[in-house]
Amino acid sequence: MQRIFVLLLALSLSAAAGEAAAKTVRLADGDRILLGRLLVPDGASLADGAVLMVHGSMAHLGQETVAGVQNALAERELPSLAITLSLGESARTGMYPCEAVHRHKHSNAVREIGLWRDWLDRQGAGKVAVFGHSRGGNQIVHYALKAPPGALVAAVALAPATWSAERADSAYRTRHKRDRLADVKAAAARGDALLRDHPFLSCPSATVAASSFVDYHRNDPGRDTPGLLGAYRGAPLLVLAGREDRVVPDLIAKMAGVKNPRVGFAVVEEADHMFLDFYAEDVADRMAEFLEDKFR
8 MQRIFVLLLA
18 LSLSAAAGEA
28 AAKTVRLADG
38 DRILLGRLLV
48 PDGASLADGA
58 VLMVHGSMAH
68 LGQETVAGVQ
78 NALAERELPS
88 LAITLSLGES
98 ARTGMYPCEA
108 VHRHKHSNAV
118 REIGLWRDWL
128 DRQGAGKVAV
138 FGHSRGGNQI
148 VHYALKAPPG
158 ALVAAVALAP
168 ATWSAERADS
178 AYRTRHKRDR
188 LADVKAAAAR
198 GDALLRDHPF
208 LSCPSATVAA
218 SSFVDYHRND
228 PGRDTPGLLG
238 AYRGAPLLVL
248 AGREDRVVPD
258 LIAKMAGVKN
268 PRVGFAVVEE
278 ADHMFLDFYA
288 EDVADRMAEF
298 LEDKFR
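Written out as structure tokens, the structure is:
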């Protein structure tokens, strides 16, 4: 009962800290509008630094993991901007539905992260760190590898994506009862033509541009986040894993092989892939400690 009371109190404080100072912000990108949720807690300033937060596959800025960590950061007086990747849509909200037409690509994220990084700079953010969950964790590492010198002071990847051809084959066959590489080969010959009633990511039947299907489903060792980190030379990076994570079950073992002084690693005991409730608090604690000497 005491644990339940403490949890409810923490959630109420988190909501109060978050909602009081949060505002929706818009950024024009050609004919599209990109959306973000800016949260600057009382007693803090963007001039002190800000965390730019990126969600996982087809999710959004209000997804539970991102929202929970963002509100927990606010309790620790850390400003943040959670963004929704457009996935090719203007002012996108909510989860991207399977029934929509899919023309987006995994590789599009790096550019949009850069646009928001520049926006924060124009708002007076003195220092910027990036945060990404799941697929977003892989995408922020790619951004950190390409970011101009001085663009970032730190990066945090929460349960970032891992990849292997064998696991990709097995998952695709189990979920869709088809051969992944055969579908990739067929799609590669179709350019940007639309594939209809076709498997795509977690969608059993979707309308997807052939080039988008190839981008997500081809063999790409760059989707294996730990594989990027041995020679990583970007901003100081912290990777966090959940001990009970079944989405990226090989992350802890793969990170054991990463020997790089620019990369830190920690395991959150008992946490699964989503890091909800108390685990969001654990993540925020570790982030606050990691960022203390980088923001101040």
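Each residue of the sequence shown is one higher than the one before, counting from 8 in the working numbering. No residue lacks a Cβ here, since even glycine has one placed at the ideal position from N, Cα and C. Treat the numbers as computed from the prediction; the structure is a model and nothing was measured.
For this session: Tell me where the beta strand (DSSP E) around residue 270 begins and ends.
Result: Walking along the sequence shown from the start, residue 270 turns up at place 263. Judged by DSSP secondary structure, residue 270 falls within the beta strand (DSSP E) whose first and last residues are 270–275.
Exercise. Expressed to the nearest angstrom, what Euclidean distance is found between the alpha-carbon atoms of residue 301 and residue 125?
Worked result: The count along the sequence shown starts at 1 and reaches residue 301 at position 294. The count along the sequence shown starts at 1 and reaches residue 125 at position 118. Each residue's Cα considered, the two are about 19 Å apart.
Problem set entry | When 282, 42 and 146 are compared against residue 231, the one with the closest alpha-carbon | Looking up residue 231 in the sequence shown gives position 224. The residue among 282, 42 and 146 with its C-alpha nearest the C-alpha of residue 231 is 146.
Problem set entry | Residue nearest to residue 118 in terms of C-alpha spacing, selected from 193, 72 and 61 | The sequence position of residue 118 within the sequence shown is 111, counting from 1. Residue 61 is the option with its Cα nearest to residue 118.
Problem set entry | Three-way DSSP call (helix, strand, coil) for residue 300 in this model | Taking the first residue of the sequence shown as position 1, residue 300 is located at position 293. DSSP places residue 300 in helix when its eight states are reduced to three.
Exercise. Per DSSP, which one or two residues make a beta bridge with residue 3?
Worked result: Nothing about residue 3 can be read from this structure; the chain reaches only from 8 to 303.
For this session: In angstroms with no decimal places, state the Cα-to-Cα distance between residue 68 and residue 254.
Result: For the purposes of this step, residue 68 is taken as residue 61 along the sequence shown, with counting starting at 1. For the purposes of this step, residue 254 is taken as residue 247 along the sequence shown, with counting starting at 1. If you take the alpha carbons of residue 68 and residue 254, they lie about 20 Å apart.
Exercise. What are the start and end residues of each continuous alpha helix (DSSP H) run of 4 or more residues lying completely inside the region 208–254, in chain order?
Worked result: 217–224
Exercise. Does the beta-carbon distance from residue 197 to residue 217 come in below 8 Å?
Worked result: Against the sequence shown, residue 197 aligns to sequence position 190. Against the sequence shown, residue 217 aligns to sequence position 210. Cβ distance < 8 Å, so residue 197 and residue 217 count as in contact.
Exercise. Roughly how many angstroms separate the alpha carbons of residue 112 and residue 219, rounded to a whole number?
Worked result: By one-based count along the sequence shown, residue 112 stands at place 105. By one-based count along the sequence shown, residue 219 stands at place 212. Cα to Cα, the separation comes out at about 5 Å.
Exercise. Since residue 235 contacts residue 229 with CB under 8 Å, what's their CB separation in whole angstroms?
Worked result: The residue labelled residue 235 in the question sits at position 228 within the sequence shown. The residue labelled residue 229 in the question sits at position 222 within the sequence shown. That belief holds up - the Cβ atoms of residue 235 and residue 229 are roughly 7 Å apart, short of 8 Å.
For this session: Return the chain-ordered list of same chain residues with a C-beta closer than 8 Å to the C-beta of residue 267, the five sequence neighbours on each side being excluded.
Result: In the sequence shown, the residue the question calls residue 267 occupies position 260. Result list for residue 267: 236, 237, 238 and 239, in chain order.
Exercise. Helix or strand or just coil, what does DSSP make of residue 134?
Worked result: As a first step, residue 134 must be located in the sequence shown, where it is residue number 127. Residue 134 falls in the coil class under three-state DSSP.
Exercise. Between which two residues does the alpha helix (DSSP H) harbouring residue 43 extend?
Worked result: Within the sequence shown, residue 43 is the residue found at index 36, counting from 1. It is not in any alpha helix (DSSP H) - residue 43 instead sits in the beta strand (DSSP E) that spans 39–46.
Problem set entry | Validate contact between the region 44–58 and the region 79–95 using beta carbons, cut 8 Å, 3 pairs | yes
Exercise. Quick one: is residue 1 buried, meaning 16 or more other Cβ sit within 10 Å of its Cβ, or exposed?
Worked result: With the chain represented from 8 up to 303, any question about residue 1 goes unanswered, as that position is not in the structure.
For this session: Would you list, in sequence order, the uninterrupted alpha helix (DSSP H) runs of no fewer than 4 residues that lie entirely inside the region 149–218?
Result: 172–183 and 187–195
Exercise. How big is the Cα-Cα spacing for residue 139 and residue 165?
Worked result: Position 132 of the sequence shown, counted from the first residue, corresponds to residue 139. Position 158 of the sequence shown, counted from the first residue, corresponds to residue 165. Answer to the nearest angstrom: the Cα atoms are 6 Å apart.
Problem set entry | Residues near residue 167 by beta carbon distance below 6 Å, same chain, minus five either side | Numbered from 1 along the sequence shown, position 160 holds the residue referred to as residue 167. Cβ within range, chain order: 144, 145 and 232.
Problem set entry | Local conformation of residue 261 per DSSP, three classes | Mapped onto the sequence shown, residue 261 falls at position 254. It is helical.
Exercise. DSSP three-state call for residue 128: helix, strand or coil?
Worked result: One-based indexing of the sequence shown puts residue 128 at position 121. In this structure, DSSP gives residue 128 a helical state, which the three-state scheme calls helix.
For this session: Return yes when the Cβ of residue 63 is within less than 8 Å of the Cβ of residue 134, no when it is not.
Result: As a working mapping, residue 134 is identified with position 127 in the sequence shown. As a working mapping, residue 63 is identified with position 56 in the sequence shown. No.
Exercise. Three or more beta-carbon pairs under 8 Å between the region 190–210 and the region 92–103, yes or no?
Worked result: no
Exercise. On the premise that residue 291 lies in contact with residue 242, defined as a C-beta separation below 8 Å, what is that separation, rounded to the nearest angstrom?
Worked result: Within the sequence shown, numbered from 1, the residue matching residue 242 stands at position 235. Within the sequence shown, numbered from 1, the residue matching residue 291 stands at position 284. Their Cβ separation, rounded to whole angstroms, is 19 Å, which puts residue 242 and residue 291 out of contact at 8 Å.
For this session: Quick one: grab the DSSP three-state call for residue 97.
Result: Within the sequence shown, the letter at position 90 stands for residue 97. Taken through DSSP and simplified to helix, strand or coil, residue 97 comes out as coil.
Exercise. Could you give the residue range of the beta strand (DSSP E) that holds residue 35?
Worked result: Here residue 35 refers to the residue found at position 28 when the sequence shown is read from its first residue. Per DSSP, residue 35 belongs to the beta strand (DSSP E) from 29–36.
Exercise. Rounded to a whole number of angstroms, what is the C-alpha to C-alpha distance between residue 305 and residue 280?
Worked result: Absent from the model: residue 305. The displayed extent of the chain is 8 to 303, so no value can be given.
Exercise. So what does DSSP say about residue 79, is it helix, strand or coil?
Worked result: Looking up residue 79 in the sequence shown gives position 72. Residue state, collapsed to three classes: helix.
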